[in-house]
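Heads up, the thing below is written out as structure tokens.
Residue numbers (our numbering), protein chains in the order written: chain Y, 15 to 278; chain L, 15 to 278.
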């Protein structure tokens, strides 16, 4: 998969959402430079507290940027329609993926509450500005994501593994990458792990569980950040009756500024 | 009210909780130096999502440090009994205070979920270390707290005003107070207002809504921080069937370290 538009980084969130609403289905890495992207997870009202508590107990992978009340389809940071304005969605029944579609208008229910969860794309501009390469943006592909062997702290009926995203970083820039991303604690913050993928239970770094593989060059280390796909992995493991998520890498482009999540 | 024990600052959380469990009813400012204190709000399961969403939408006054599942009476950061180990409690029915007691064992219900919300006492040691006086600790009284005219962002059935705590700060130390407290974003962080109380809708600074008044000396400005009593003010305004809170100023002394909420 590649992004369809060379100028996508200069679009406003409003413009990007219109393209996705019209059916464009692409990963959003690099889109709408400076605007915050978010993971989506929507569950029935009955599960809302468990899911919000799961997020609260696992703030590194699940930083909640905003949440809706039952029936709402927009949010204070998303002036669009959560059912149509993301490039892609995953629909789950009892933890099974039953549809991957570019609109969930036909699946949405009035009792759903939606969570917008911070995304590491938020700090990628800052990495690039600091001279740290971001391989999947260079390649125009989706960021590689992996289920780990680390369990999240459960909450009620929700449990699941930590999911991580990976970026290969030259050894002499690892410290810079840590320093830059530490300043964005609300969008996953500093890496959770540097180096050996096996320590996270990742057997084959060349075969991500979500997204696309990227090349790790000589002199580079794989660096892992907590990932907002974690709530979807929890849905797969916990098997609630119904849930909707974004398609991994195809995020909600919000009206919040990346800079608003930067700590001084 | 004055603290009963000159050595209270050197106690462990375990020791302090034992005294409160035995019936000691005092404000906890200055107790258990270095250990984090927290506000308590407990509501029925049915209201849990609304309350957690209210907190999520109003992170300055309502930073959730931990939350329980229905029926739990301890938490990952509170290795005691939430029903007995605080010095004082307020019990509300339909928003009315119906009891102020030193144990809620007779009031607790199995469907309650409890939220531990960050408290500005957490950064008071850091203020003192930076040479900023903390008047209510000097005086051995409870911190003054005020309802403001600023509404919080509502969530479901929960709405209410921002509540603030106030500390008088010498004009030349206001910047230091801002800088020091900014480093504790998870426990209210930087002040929400410096100076004129009327801008917050506070009519008489000498008559706080909760806690005790303190002297503001010549050359000092009143400085206001978001306060974790805000969820209780929301309970009073929103009138849910039942709720339990801590008595203002009489906090849950947790097993978390103040330093764990310090950002680098």
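Cβ atoms here follow ideal geometry from the backbone N, Cα and C, with glycine treated the same way.
Remember, predicted model here, so these are calculated numbers, not experimental data.
For residue 268 (chain Y) and residue 92 (chain Y), what's the separation of their Cα atoms in angstroms? The residue given as residue 268 (chain Y) occupies position 254 in the first chain. The residue given as residue 92 (chain Y) occupies position 78 in the first chain. Cα to Cα, residue 268 (chain Y) sits roughly 5 Å from residue 92 (chain Y).
Closest to residue 103 (chain Y) by CA distance: which of Y:34, Y:271 and Y:157 is it? The residue given as residue 103 (chain Y) occupies position 89 in the first chain. The candidate whose alpha carbon is nearest that of residue 103 (chain Y) is Y:34.
Sequence-distant residues of the same chain with beta carbon closer than 7 Å to residue 37 (chain Y), five excluded per side: For this step, residue 37 (chain Y) is matched to residue 23 along the first chain. The residues are 116.
Quick check: the Cα distance between residue 146 (chain Y) and residue 87 (chain L), rounded to an integer number of angstroms? For the purposes of this step, residue 146 (chain Y) is taken as residue 132 along the first chain, with counting starting at 1. For the purposes of this step, residue 87 (chain L) is taken as residue 73 along the second chain, with counting starting at 1. Going by the C-alpha atoms only, they are around 47 Å apart.
Taking residue 251 (chain L) as part of the alpha helix (DSSP H), name the residues at either end of that continuous run. Here residue 251 (chain L) refers to the residue found at position 237 of the second chain. Residue 251 (chain L) -> alpha helix (DSSP H) spans 244 to 252.
When you compare only the Cα positions, how much space is there between residue 257 (chain L) and residue 58 (chain Y)? Your numbering for residue 257 (chain L) matches position 243 in the second chain. Your numbering for residue 58 (chain Y) matches position 44 in the first chain. Straight-line Cα distance between these residues: approximately 25 Å.
Once you ignore the five residues that flank residue 18 (chain L) on each side, which residues in its own chain have a CB closer than 7 Å to its CB? Here residue 18 (chain L) refers to the residue found at position 4 when the second chain is read from its first residue. At residue 18 (chain L), the pLDDT of 46 sits below 50, so the modelled position is not reliable; the number obtained from the coordinates is stated separately. Within the same chain, residue 18 (chain L) has close Cβ partners 38 and 40.
Exposed unless 16 or more other CB atoms sit within 10 angstroms - verdict on residue 143 (chain L): Taking the first residue of the second chain as 1, we reach residue 143 (chain L) at position 129. When all chains shown are included, residue 143 (chain L) counts as exposed.
For the beta strand (DSSP E) holding residue 161 (chain L), just list the boundary residues, first then last. For the purposes of this step, residue 161 (chain L) is taken as the residue at position 147 of the second chain. First-last of the beta strand (DSSP E) with residue 161 (chain L): 159 to 165.
If we ignore side chains and look at the alpha-carbon of each, how far apart do residue 157 (chain L) and residue 215 (chain L) end up? As a working mapping, residue 157 (chain L) is identified with position 143 in the second chain. As a working mapping, residue 215 (chain L) is identified with position 201 in the second chain. Roughly 19 Å between the two C-alpha positions.
Closest to residue 32 (chain Y) by CA distance: which of Y:90, Y:95, Y:51 and Y:53 is it? In the first chain, residue 32 (chain Y) corresponds to position 18, counting from 1. Per the Cα distances, Y:95.
Name the residues in the stretch 169 to 180 of chain Y whose C-beta lies less than 8 Å from a C-beta of chain L; which are they? 169 and 170
Residue 189 (chain Y) touches chain L at which residues, Cβ-Cβ below 8 Å? The residue given as residue 189 (chain Y) occupies position 175 in the first chain. Here the premise fails: no neighbours, minimum Cβ distance about 14 Å.
Identify whether residue 78 (chain Y) lies in helix, strand or coil by the three-state DSSP scheme. Within the first chain, numbered from 1, the residue matching residue 78 (chain Y) stands at position 64. Of the three classes helix, strand and coil, the one that applies to residue 78 (chain Y) here is strand, per DSSP.
Does any CB atom of chain Y fall closer than 7 Å to the CB of residue 206 (chain L)? By one-based count along the second chain, residue 206 (chain L) stands at place 192. Not closer than 7 Å to any Cβ of chain Y, the Cβ of residue 206 (chain L) fails to qualify, so no.
Taking the straight line between their C-alpha atoms, what separation do you get for residue 212 (chain Y) and residue 254 (chain Y)? Position 198 of the first chain, counted from the first residue, corresponds to residue 212 (chain Y). Position 240 of the first chain, counted from the first residue, corresponds to residue 254 (chain Y). Each residue's Cα considered, the two are about 30 Å apart.
In chain order, what residues of the same chain lie with their CB nearer than 8 Å to the CB of residue 130 (chain Y), ignoring the 5 residues before and after it? Taking the first chain and counting its residues from 1, one reaches residue 130 (chain Y) at position 116. Only 52, 53, 54, 78, 79, 80, 81, 89, 91, 92, 266 and 268 meet the Cβ criterion.
At a Cβ threshold of 7 Å, is residue 148 (chain Y) touching chain L? Taking the first chain and counting its residues from 1, the one referred to as residue 148 (chain Y) is at position 134. Answer no: the Cβ-Cβ gap between residue 148 (chain Y) and chain L never drops below 7 Å.
Please tell me whether residue 78 (chain L) has its Cβ less than 7 Å away from any Cβ of chain Y. As a first step, residue 78 (chain L) is located in the second chain; it is residue number 64 there, counting from the start. So yes, residue 78 (chain L) belongs to the interface.
In its own chain, which residues sit with a C-beta less than 6 Å from the C-beta of residue 99 (chain Y), not counting the 5 before and 5 after it? The count along the first chain starts at 1 and reaches residue 99 (chain Y) at position 85. Excluding sequence neighbours, residue 99 (chain Y) sits near 31, 34 and 35.
Report the option in Y:221, Y:160, Y:261 and Y:240 whose CA atom is closest to the CA atom of residue 56 (chain Y). Locating residue 56 (chain Y) in the first chain gives position 42, where the first residue counts as 1. Answer by Cα proximity: Y:261.
I'd like to know if residue 275 (chain Y) contacts chain L, where contact means its C-beta is closer than 7 Å to some C-beta of that chain. Locating residue 275 (chain Y) in the first chain gives position 261, where the first residue counts as 1. No, no contact with chain L.
Contact criterion: CB-CB distance below 7 Å. Does residue 142 (chain Y) meet it with respect to chain L? Position 128 of the first chain, counted from the first residue, corresponds to residue 142 (chain Y). So, not an interface residue.
For residue 203 (chain L), collect the residues of the same chain with a Cβ closer than 7 Å to its Cβ; drop the 5 residues on either side in sequence, then sort them by chain order. Counting from one through the second chain, the residue named residue 203 (chain L) turns up at place 189. Excluding residues within five positions, the ones whose Cβ falls inside 7 Å are 74, 195 and 196.
Contact criterion: CB-CB distance below 7 Å. Does residue 70 (chain L) meet it with respect to chain Y? As a first step, residue 70 (chain L) is located in the second chain; it is residue number 56 there, counting from the start. Yes, residue 70 (chain L) lies at the interface with chain Y (some Cβ there is under 7 Å from its Cβ).
Just tell me which of L:259, L:249 and L:235 has its CA closest to the CA of residue 189 (chain L). Along the second chain, read from residue 1 onward, the residue named residue 189 (chain L) stands at position 175. Nearest of L:259, L:249 and L:235 to residue 189 (chain L), Cα basis: L:235.
Buried or exposed by the 16-neighbour rule on C-beta atoms within 10 Å, applied to residue 191 (chain Y): As a working mapping, residue 191 (chain Y) is identified with position 177 in the first chain. Per the 10 Å Cβ criterion, buried.
Chain-ordered residues of the stretch 82 to 102 of chain Y with a beta carbon less than 9 Å from chain L: 82, 83, 84 and 90
Proximity to residue 159 (chain L) [Cα-Cα], best of L:141, L:23 and L:217: Locating residue 159 (chain L) in the second chain gives position 145, counting from the first residue. Among L:141, L:23 and L:217, the Cα nearest to that of residue 159 (chain L) belongs to L:217.
Kindly indicate which three-state DSSP category residue 206 (chain L) falls into: helix, strand or coil? One-based indexing of the second chain puts residue 206 (chain L) at position 192. Note: residue 206 (chain L) maps to coil in three-state DSSP.
Exposure label - residue 69 (chain Y); buried when at least 16 CB within 10 Å: As a position in the first chain, residue 69 (chain Y) is number 55, starting the count at 1. Buried, since its Cβ has 16 or more Cβ neighbours within 10 Å.
Which listed residue (L:125, L:27 and L:276) has its alpha carbon closest to that of residue 62 (chain L): In the second chain, residue 62 (chain L) corresponds to position 48, counting from 1. Comparing Cα positions, the closest option is L:125.
Per-residue contacts from residue 261 (chain L) into chain Y (C-beta, under 9 Å): Counting from one through the second chain, the residue named residue 261 (chain L) turns up at place 247. Within chain Y, no residue comes near residue 261 (chain L); the closest Cβ sits about 25 Å away, beyond 9 Å.
Three-state secondary structure (DSSP) of residue 195 (chain L): Locating residue 195 (chain L) in the second chain gives position 181, where the first residue counts as 1. The answer is helix: DSSP assigns residue 195 (chain L) an H, G or I state.
Since residue 62 (chain Y) meets chain L, which of its residues come closer than 7 Å, beta carbon to beta carbon? Sequence index remark: in the first chain, residue 62 (chain Y) carries index 48 (1-based). Within 7 Å Cβ-Cβ: 63.
Could you give the C-beta distance for residue 67 (chain Y) and residue 170 (chain Y), rounded to a whole number, given that I count them as a contact under 8 Å? Your numbering for residue 67 (chain Y) matches position 53 in the first chain. Your numbering for residue 170 (chain Y) matches position 156 in the first chain. The pair is a contact, with the Cβ atoms about 6 Å apart (cut-off 8 Å).
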